[in-house]
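Protein chains in written order, with full-length UniProt numbering: chain A, 1 to 298; chain B, 1 to 179.
Even for Gly, the Cβ is constructed at its ideal location relative to N, Cα and C.
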Amino acid sequence: MKKLFLLLLLPTISFAQDDLLKELEKQDQNTDYTIATFKGTRLVNGHSVETKNGGTLEFIFAHRFGKLNEGLYEMYGLDQAYVRLGLDYGITDNLSVSIGRNSADKIMDGYLKYKLLRQSSGERSFPFTMTLLGGTAYSISPKRGNEPEGFKTVDRLAYTAQALIARKFTPSLSLQIMPTYIHKNAVDQSREKNDQLAIGIGGRIKLTRSVALTSEYYYRLDPPDNDLFEAGSKRYNSLGFGIDIETGGHVFQIVLTNTSSLTERTFITETKGDFFGGDIHLGFNVTRTFQLKKKDAK
Amino acid sequence: MKIGYLVLLFLCTGVLSAAAQNYTTEKSFISFYSHAPIEDIKAENVKAVSLFNTATGEIAFSVPIKEYQFRKSLMQEHFNEKYMESEKYPKSTFQGKITGFNPQAKGIQHVSTLGKLTIHGVTKEVNIKGTIEKLVDKLNMKSSFIVKLEDYNIVVPQLLRNNIAEQVEVTIDFVFKPQ
Chain A
1 MKKLFLLLLL PTISFAQDDL LKELEKQDQN TDYTIATFKG TRLVNGHSVE
51 TKNGGTLEFI FAHRFGKLNE GLYEMYGLDQ AYVRLGLDYG ITDNLSVSIG
101 RNSADKIMDG YLKYKLLRQS SGERSFPFTM TLLGGTAYSI SPKRGNEPEG
151 FKTVDRLAYT AQALIARKFT PSLSLQIMPT YIHKNAVDQS REKNDQLAIG
201 IGGRIKLTRS VALTSEYYYR LDPPDNDLFE AGSKRYNSLG FGIDIETGGH
251 VFQIVLTNTS SLTERTFITE TKGDFFGGDI HLGFNVTRTF QLKKKDAK
Chain B
1 MKIGYLVLLF LCTGVLSAAA QNYTTEKSFI SFYSHAPIED IKAENVKAVS
51 LFNTATGEIA FSVPIKEYQF RKSLMQEHFN EKYMESEKYP KSTFQGKITG
101 FNPQAKGIQH VSTLGKLTIH GVTKEVNIKG TIEKLVDKLN MKSSFIVKLE
151 DYNIVVPQLL RNNIAEQVEV TIDFVFKPQ
């Protein structure tokens, strides 16, 4: 009888002696959202799942030199440069807009980017982050008055829609897949379709807390049989590798890629370089973030 | 035999009442402040939780690192990504025993606590002083102490020594209610 009584007491005693911290951790079950899946809003040429935080403005200066295999006469590509100047602004933590201008083909581009789902663990656990991207590209070339016959203003436009899906597997490894749809208002019907699909894959490996290796590849799902440019040169899928170096408010990305452009319609569907044939462009993406609106202290 | 039961019953209620002397967080506030030549950095956290047993003096804190709010969001990201490694070490904790607190006394009491402070995965034995004020059925605990970054293996690059102080001042202000 006595033993029974003691047995009944046992749980109460053990509860009272339970480690306070362990008990606290049992109560404290909040959701932990993954941050910084990638360092920048761009992986190599294309977008990453990252959006700018609300109230922050990012200036992106990106450029690609000419091809490494052009030899000494062109200083291994350094004599030429293609530039994109852009601004990204976070309207909220999950919604950002961006505009830019590419010197390659004189394209103005604009994007809306919305972080729809966030990878999280804890009480509410979710395996990946998904960001939707919508973009418009407007070609300023050909010059007004010099257009070929029948060329309309709408022919200058192209659109991009992407679902960017990424998972940060460990603090140092993140992978991303990017199903992509591109619509170009005007194409040479014998060589290209107006609507094109591609799937991108990319990733990041952090080497130190400030340095990371990135890569990105876009595979076109339905290239035409006659997959050539007008001049007869072949089209390639875009491939790029980069090194991200972060210092305070800057991110420097040093990239090697087979495309000279920085807007989706061009680098996904109009890449001219054969990476393994040495058509490699050295380039940089340099970003600077400005906090325009400071968060109120809670 | 009967006396034995009574003793047991007494013990039983004793244990229960000891458990009922647990206080839990109603409101929490933790901030830290770093003063360096180029900039002052301040962050605030209202998501910390704590348990305090007034009978034994035992106390425990758990602070989710990602909940520190900075005025600049990039700073917040760097704090988590580069310095605190929040994904590896999501929480800072403290576990210790408060001495000098009399649950019956009124007004502000000066207390001190000896315990283990864990930040960035490193645990250190610390002695922290503070005050506890008894409000009707609640307790207000306040403290302020210095944390040296290098004690907890938080490395600031040479280049940023003018931006981030080597030690930060941590301030806590908790209101406890009976659990």
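Per-residue contacts from residue i into chain A (C-beta, under 9 Å)
| i | result |
| --- | --- |
| B:Lys88 | Pro171 |
| residue 181 of chain B | Look at the range of chain B in this structure, 1 to 179, and you will see that residue 181 of chain B is not part of it. |
Contact list for residue i against chain A, beta-carbon separation under 8 Å
| i | result |
| --- | --- |
| B:Leu160 | Gly248 |
| B:Val49 | Leu24, Gln27 and Asp28 |
| B:Lys66 | Asp32, Tyr33 and Ile35 |
Interface residues of chain A facing residue i [CB-CB closer than 7 Å]
| i | result |
| --- | --- |
| B:Ala60 | Leu20, Leu21 and Leu24 |
| B:Pro178 | Those do not exist, as B:Pro178 stays about 15 Å from chain A at its closest Cβ, beyond 7 Å. |
| B:Asn53 | Leu20 |
Cβ pair residue i, residue j closer than 8 Å
| i | j | result |
| --- | --- | --- |
| A:Ala166 | A:Thr37 | yes |
| A:Arg235 | A:Thr271 | yes |
| residue 181 of chain B | B:Thr113 | With chain B running from 1 to 179 in the structure shown, residue 181 of chain B is simply not present. |
| A:Gly283 | A:Ala62 | yes |
| A:Gly110 | A:Ser98 | yes |
| A:Gln162 | A:Leu133 | yes |
| B:Lys82 | A:Arg288 | no |
| A:Leu207 | A:Ser48 | no |
| B:Asn80 | B:Lys66 | yes |
| B:Leu139 | B:Phe176 | yes |
| B:Glu85 | B:Tyr68 | no |
| A:Leu228 | A:Phe275 | no |
| A:Ile205 | A:Met178 | no |
| A:Lys115 | A:Thr51 | yes |
| B:Phe70 | B:Tyr23 | no |
| B:Tyr152 | B:Val126 | no |
| A:Leu57 | A:Leu292 | yes |
| A:Asp88 | A:Ile107 | no |
| B:Thr99 | B:Gly57 | yes |
| B:Val147 | B:Val168 | yes |
| A:Val255 | A:Gly273 | no |
| B:Gln104 | B:Thr131 | no |
| A:Gly113 | A:Thr131 | Reading off the sequence shown, one finds Lys at residue 113 of chain A, where the question assumed Gly. Yes; because the gap between Cβ atoms is below 8 Å, this pair is in contact. |
| A:Asp225 | A:Asn69 | no |
Amino acids of chain B, ordered along the chain, whose beta-carbon sits closer than 8 Å to that of residue i
| i | result |
| --- | --- |
| A:Lys294 | Arg71 and Lys72 |
Chain-ordered neighbours of residue i on chain B, where CB pairs are closer than 9 Å
| i | result |
| --- | --- |
| A:Gln291 | Arg71, Lys72, Ser73, Leu74 and Met75 |
Cβ distance (whole Å) where residue i is taken to contact residue j below 8 Å
| i | j | result |
| --- | --- | --- |
| B:Thr50 | B:Phe61 | The amino acid occupying residue 50 of chain B in the given sequence is Ser; Thr does not appear at that position. The pair is a contact, with the Cβ atoms about 5 Å apart (cut-off 8 Å). |
| A:Thr34 | A:Lys143 | About 47 Å; that fails the 8 Å criterion. |
| B:Phe145 | B:Gly115 | So it is not a contact: roughly 12 Å between Cβ atoms. |
| B:Tyr33 | B:Lys42 | 5 Å |
| A:Gly90 | A:Gln80 | With 8 Å as the limit, A:Gly90 and A:Gln80 do not qualify as a contact, their Cβ atoms being about 33 Å apart. |
| A:Asn45 | A:Phe267 | 5 Å |
| A:Thr257 | A:Arg64 | 7 Å |
| A:Pro171 | B:Glu87 | 5 Å |
| B:Val170 | B:Ile59 | No, B:Val170 and B:Ile59 are not in contact; Cβ-Cβ is about 15 Å, not under 8 Å. |
| A:Gly202 | A:Tyr217 | 7 Å |
| A:Asp32 | A:Gly122 | 5 Å |
| A:Glu230 | A:Asp188 | 7 Å |
| B:Ile172 | B:Lys124 | Rounded, the Cβ-Cβ distance is 17 Å, inconsistent with contact. |
| A:Ala186 | A:Asp155 | 4 Å |
Neighbour flag for residue i against chain E, beta carbons, 8 Å
| i | result |
| --- | --- |
| A:Glu230 | Absent here is chain E; the protein component of the structure consists of chains A and B. |
| query | Taking a cut of 9 Å between CB atoms, which residues from the region 79-107 of chain B lie near chain A? | reply | Asn80, Glu81, Lys82, Tyr83, Glu85, Ser86, Glu87, Lys88, Pro90, Lys91, Thr93, Phe94 and Gln95
| query | For the region 38-59 of chain A, which residues have a CB atom closer than 9 Å to at least one CB atom of chain B, in sequence order? | reply | Lys39, Lys52, Asn53, Gly54, Gly55 and Thr56
| query | Using Cβ-Cβ distances below 8 Å, what residues of the region 196-211 of chain A are close to chain B? | reply | Arg209 and Ser210
| field | Contact set between the region 125-152 of chain A and chain B, restricted to residues whose Cβ is under 9 Å from the partner | value | none
| field | the region 37-57 of chain B touching the region 154-166 of chain B, judged by at least three CB pairs closer than 8 Å | value | yes
| task | Spell out a yes or no on whether the region 38-51 of chain A and the region 220-234 of chain A are touching, meaning 3 or more CB-CB pairs, one atom from each, closer than 8 Å. | result | no
| Three-pair Cβ contact test at 8 Å for the region 243-254 of chain A versus the region 135-144 of chain A | no
| said: With three or more beta-carbon pairs closer than 8 Å as the criterion, would you say the region 100-109 of chain A touches the region 258-269 of chain A? | reply: yes
| message | Could you check whether the region 144-164 of chain A touches the region 25-33 of chain A, counting it as contact only if at least three pairs of C-beta atoms, one from each stretch, sit closer than 8 Å? | response | no
| message | For the pair the region 62-76 of chain A and the region 186-200 of chain A, tell me if three or more CB-CB distances fall below 8 Å. | response | no
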